[in-house]
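For the sequence shown, the UniProt record's numbering begins at 1 and goes up steadily by one.
Beta carbons: idealized from backbone N, C-alpha and C, even for Gly.
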Amino acid sequence: MASSSSSPSSSSCNWPYDIFPSFSGEDVRKTFLSHFLKELDQKLIIAFKDNEIERGQSLDPELKQAIRGSRIAVVVFSENYASSSWCLNELLEIVKCKKDLNQVVIPIFYRLDPSHVRKQNGDFGEIFEKTCQNKSDDEKIQWRRALTDVANILGYHIVTWANEANMIEEIVNDVLGKLNLSASANFDEFVGIEDHIKKMSTLLYLESEEVRMVGIWGPSGIGKTIIARALFTRLSRLFQSSVFIDKVFISRSTKERAGLVDYNTKLDLQRNFLALLLDKKDIKIDHIGGIEKMLKHRKTLIVIDDLDDQDVLDAIAGQTQWFGSGSRIIVVTKNKHLLRANRIDKFYEVCLPSYDLALEMFCRSAFRQNSPPDGFSELASEVISLAGNLPLGLEVLGSSLRGRDREDWMDMMPRLRNGLDGKIEKTLRVSYEELNNKKDEAIFRHIACLFNGESVNDIKQLLADSNLDVNIGLKNLVDKSLIKESYHIVLDMQSLLQELGKEIVRAQSDEPGGDWDVNALFQNVVEKFVHERDHKTVEMHSLVQELGKNIVREQSDEAGNREFLVDLTDICDVLEDDTGTTKKVLGIALNVDETNEVDIHEDAFKAMRNLLFLKMSTKKEWNLPEGVNYFPPKLRLLSWDNYPMRFLPTNFRPKNLVKIQMRESKLEKLWDGVQYLNIAEFSECGALAECSWSHDDSSSEVTMSTDDIQPKFIDDPSCPPKGYFSMLNLSFVDCFNFDANALISQQSAFMTLILLGEEVPLYFTHRATGASLSSIPLPNISTSQPVFSFRCCVVVDATGPDSFEVGICLGFMDRLGNLLEYFDMIQCFSADVQKSGSYLAIFDYYCPLTVEITPLVDQLKNGHMDIQFCLTRDDSKLQIKRCGIQFPDRERSSNHANFGGP
């Protein structure tokens, strides 16, 4: 599916309403009718709503006008329909409009035999006869004729439907067809269009008379233009004027000028826009605000597709007061910042379709049917995976495979696996080129080649000295739909509801009798929980990632002259000898599961003086006959799974190292002396016996080794708890020879640590079987402490590979046992384990002494606390067997006791 480039179109409105419903309120208003009107709203079908107006004997002029102004009349016959002369007079007007105006009439027989309406017999006939008492013969004849006439029209009999919801959906789809609004007529290849329209209906809120601007936001190729076109087709009839503005219109209107910064260019664009909207030539306008005089009394629909220029929006729809009541402006863009800059806070984020929808999309393109033929199911699934469920990819790859037999498909699969289709790349590349910032482009390439799927915090640390302005760069990439930042957490509903209760109490206390929104309070609670967990990761779509790799490949035909090496052949060629120019290489990412072995020359890295990031992964054996003699000193990331050597190069002085990850390696010792480090993972390094590390003192973070610890504050207050202390993330699972006792007892840097083990170490003075500790005496707490903290250990039993998160619930009691404060489910630890066994999860709990705690300091003297540990996933096959805590050793860490660090 490619973006449309057709010319803008306009239309005018002839009918105020699509539907006029005629019904008996006592029978259907709160049942069938409410569901029917809701479904109409979600399909953007405008129905007249009487809002329970008081009804008399004669037909109200407003109702008569509404009937005449509706394209379709839906008559809901029910038992008491004929009890109301009002309903019968409505029916007379409907029959008249059917004859005079060709109005479409759809009868619905709600729990009623159609023949009873047609012949006015049965219970319906008896009720009708009572209504006819004291009426003229002429009036009775007209009513009978109208009932018979409408009852003879083919309609819907609810008794024949097992499910009322299905019948309502069928009726509404029938209405869509009769209105010629069915999306399938023009957008039949885009599966799921009605779901998108339903979600947009809430944002558009067509019943409101306010002028409303809404957005459609998402990455290239996800279907934004198709959604906008379908909306325009569905809505344009409801407005006095409507126009669809696309890239072609913008480029034609500004082709003689370099951009829209020039005031005269904006005026030219406005003149062309007004000429199209009003279907007039020679529009005269001499200032930007002059558009208001022409449109302020006109209900207008404007769709601006693929917007990437703020000045275009300023010229066409700079102010909502330019337009008449009920106007709607829909802005379609890849750049969320454009929406934010114009205070368009109501926008629809278009997300990737589910697998089932993606399969249907692909099959429509490849086979012209909704499911794969026999023998193609597995191939279709693989292509969907290669396309990453992106509608553009599904359409392009499907059309390229259409009409080919299975043998052709098999022959084409290697090409699809190893390259990006040209049509797809051309569309996706536009988003990269629109970055218009060298630093943002560089961050994009780093993520595409090295950091897709990595945590946001890790990326920020690894690029901290790169001068790339990483914080704002990541935000820009998110805004322009090139990456997503996702939270991979499981929220505990019980804890959320408990915290919501507290928020409600606070709101009632702060604003007694005030108008506060429970939904808004719940959203605040969720955001708070998410923020506390701090588990954001960067995700880049697989096709966008391949685009990034292609951009790097285009830097040079010589692999050594590129920023990053990501292709197996190129990396093998570079690593097998020590010749060639590789000074430009900043990073290597190699996964060699698909090959038997890789030969690495002992001096392969000597020429890579500027290498910053090295990621080597395999489940097979490395071939290093002479070992590795050299690692570049500028390395910030060293990740080498299955590293086959016992030692790192003796001359390796990684003063810039931020993260080291050496899972399943044969390392016995890392280095001599203290080195610099933030994150370390040594899972299943069975031979590891010793290591030491330190944070770079120059970065104002915590200095740490196994012997000398000096905590310092971090200057950046924007990301607690790191605003108080540095956090060290460590994993030593299956490091059998490693003595972790010295590490566990370190008290000047916050840490998370995972080890194999079945018992809580003796270091933890408060220990218990199970997941809770009770009546733990509290240490002295000073108001000068920024945080209250203690070190925790839980023994977690795993029955196999799994991931888990550990949370804490805390209760603070005074010396008499009165509960003073309670903290719900604060998640403190997360880990992935690869096999069954018992694991020690060791982590520091830290809590800033907020306004909730500080006033209680005096009452907490000689008090105690209860702790409950829990796993935040109810579906996990994990269990907490034992637990323990240890407060800071004040005597040992007296120099920094005021910091509250363990």
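Identity of the residues DSSP links to S617 by a beta bridge: As a position in the sequence shown, residue 617 is number 617, starting the count at 1. According to DSSP, which records beta bridges pairwise, S617 is partnered with N591.
Exposed unless 16 or more other CB atoms sit within 10 angstroms - verdict on L762: The sequence position of residue 762 within the sequence shown is 762, counting from 1. The residue in question, L762, is exposed, as its Cβ has fewer than 16 Cβ neighbours within 10 Å.
Meets three-Cβ-pair contact criterion under 8 Å: the region 66 to 75 and the region 218 to 232: no
Short Cβ contact (7 Å threshold) for P644 with K666: Your numbering for residue 644 matches position 644 in the sequence shown. Your numbering for residue 666 matches position 666 in the sequence shown. Yes, they are a contact pair.
V585 versus K460 - alpha carbon distance: Within the sequence shown, the letter at position 585 stands for residue 585. Within the sequence shown, the letter at position 460 stands for residue 460. Taking the straight line from one Cα to the other gives about 20 Å.
Start-to-end residues for the beta strand (DSSP E) that takes in M813: Reading the sequence shown from its first residue, position 813 is the one you call residue 813. Per DSSP, M813 belongs to the beta strand (DSSP E) from 802 to 813.
Whole-Å CB distance - K334 paired with D308, under 8 Å assumed: Stepping through the sequence shown from its first residue, residue 334 is reached at position 334. Stepping through the sequence shown from its first residue, residue 308 is reached at position 308. K334 to D308, Cβ: 7 Å. Contact.
First through last residue of the beta strand (DSSP E) which encompasses R212: To locate residue 212, count along the sequence shown from 1; it is residue 212. From DSSP, the beta strand (DSSP E) with R212 extends over 212 to 217.
Proximal residues to Q494 (C-beta, below 7 Å), its chain only, five neighbours per side dropped: For the purposes of this step, residue 494 is identified with residue 494 of the sequence shown, where counting begins at 1. Caution is warranted here: a pLDDT of 48 is assigned to Q494, below 50, making its placement in the model unreliable, and the coordinate value is therefore given only provisionally. Nothing listed; no residue qualifies.
Contained alpha helix (DSSP H) runs [length at least 4] in the region 439 to 494, N- to C-terminal order: 456 to 462, 470 to 479
G177 - containing alpha helix (DSSP H), residue span: Against the sequence shown, residue 177 aligns to sequence position 177. Segment 164 to 178, the alpha helix (DSSP H) holding G177.
Whole-number beta carbon distance between N656 and K634, since they are thought to touch under 8 Å: One-based indexing of the sequence shown puts residue 634 at position 634. One-based indexing of the sequence shown puts residue 656 at position 656. Between N656 and K634 the Cβ distance is about 5 Å, and since that is below 8 Å, they are a contact.
Chain-order list of residues whose beta-carbon lies under 8 Å from that of V28 (same chain, five-residue window excluded): Walking along the sequence shown from the start, residue 28 turns up at place 28. Excluding residues within five positions, the ones whose Cβ falls inside 8 Å are V76, S78, Y110.
Counterpart residues of A768 in DSSP-defined beta bridges: What you label residue 768 is simply residue 768 of the sequence shown in a count that begins at 1. Paired residue(s): C883.
V331 - DSSP class collapsed to helix/strand/coil: The count along the sequence shown starts at 1 and reaches residue 331 at position 331. The answer is strand: DSSP assigns V331 an E or B state.
Where the beta strand (DSSP E) containing K536 begins and where it ends: Your numbering for residue 536 matches position 536 in the sequence shown. That run of the beta strand (DSSP E) goes 536 to 539.
Reduced DSSP secondary structure (H/G/I, E/B, other) of T752: In the sequence shown, residue 752 corresponds to position 752, counting from 1. T752: strand per DSSP, three-state reduction.
Environment of S22 [buried if 16+ CB atoms lie within 10 Å]: Within the sequence shown, residue 22 is the residue found at index 22, counting from 1. Result: buried.
Nearest residue (CA-CA) to P888, options C351, C792, G289: Locating residue 888 in the sequence shown gives position 888, where the first residue counts as 1. Nearest C-alpha to P888: C792.
Test: Y822 CB closer than 7 Å to a CB of chain D: In the displayed structure, chain D is absent; only one protein chain is listed.
Whole-angstrom C-beta distance between N629 and D599, which should lie under 8 Å: Counting from one through the sequence shown, the residue named residue 599 turns up at place 599. Counting from one through the sequence shown, the residue named residue 629 turns up at place 629. With a Cβ gap of about 15 Å, D599 and N629 do not count as contacting.
Within 7 Å, strictly: CB atoms of N452 and M540: Against the sequence shown, residue 452 aligns to sequence position 452. Against the sequence shown, residue 540 aligns to sequence position 540. Taking 7 Å as the Cβ cut-off, N452 and M540 qualify as a contacting pair.
Assumed close pair V332, L313 - CB separation to whole angstroms, cut-off 8 Å: Within the sequence shown, residue 332 is the residue found at index 332, counting from 1. Within the sequence shown, residue 313 is the residue found at index 313, counting from 1. Not really, about 11 Å apart at Cβ, beyond 8 Å.
Straight-line Cα distance separating S803 from S700: Looking up residue 700 in the sequence shown gives position 700. Looking up residue 803 in the sequence shown gives position 803. For S700, the pLDDT reaches just 26, beneath the cut-off of 50, and the residue's location in the model is therefore unreliable, leaving the point undetermined.
CB of F869 within 7 Å of CB of I885, strictly: Looking up residue 869 in the sequence shown gives position 869. Looking up residue 885 in the sequence shown gives position 885. No.
Buried or exposed (CB count within 10 angstroms, at least 16 for buried), L33: Stepping through the sequence shown from its first residue, residue 33 is reached at position 33. The residue is buried, with at least 16 neighbouring Cβ atoms inside 10 Å.
Environment of T225 [buried if 16+ CB atoms lie within 10 Å]: Here the question's residue 225 lines up with position 225 in the sequence shown. The residue is buried, with at least 16 neighbouring Cβ atoms inside 10 Å.
Inter-residue Cα distance where the pair is L612 and A768: Walking along the sequence shown from the start, residue 612 turns up at place 612. Walking along the sequence shown from the start, residue 768 turns up at place 768. Whole-angstrom Cα-Cα distance: 45 Å.
C-alpha gap between D844 and V574, whole angstroms: Taking the sequence shown and counting its residues from 1, the one referred to as residue 844 is at position 844. Taking the sequence shown and counting its residues from 1, the one referred to as residue 574 is at position 574. Their backbone Cα atoms lie some 43 Å apart in a straight line.
Coil, strand or helix - A380 by DSSP: Locating residue 380 in the sequence shown gives position 380, where the first residue counts as 1. A380: helix per DSSP, three-state reduction.
Member of A798, S774, G155, P373 whose CA lies at the smallest distance from the CA of R402: In the sequence shown, the residue the question calls residue 402 occupies position 402. Comparing Cα-Cα distances from R402 to each of A798, S774, G155, P373, the minimum goes to P373.
Beta-carbon contacts of A771 that lie in its chain and below 8 Å, excluding the five residues immediately before and after: Locating residue 771 in the sequence shown gives position 771, where the first residue counts as 1. Counting only Cβ-Cβ distances below 8 Å, and skipping sequence neighbours, we find V794, Q868, F869, C870, I880, C883.
Reduced DSSP secondary structure (H/G/I, E/B, other) of S371: To locate residue 371, count along the sequence shown from 1; it is residue 371. Coil, per DSSP.
Segment contact, 8 Å Cβ cut-off, at least three pairs: the region 237 to 251 with the region 342 to 358: no
Same chain, Cβ closer than 6 Å to S617, five either side skipped, listed in chain order: Here residue 617 is taken as the residue at index 617 of the sequence shown, counted from 1. So the qualifying residues of the chain are N591, D641.
Simplified DSSP state of V566, which is helix, strand or coil: Position 566 of the sequence shown, counted from the start, is the residue given in the question as residue 566. The answer is coil: DSSP assigns V566 none of H, G, I, E or B.
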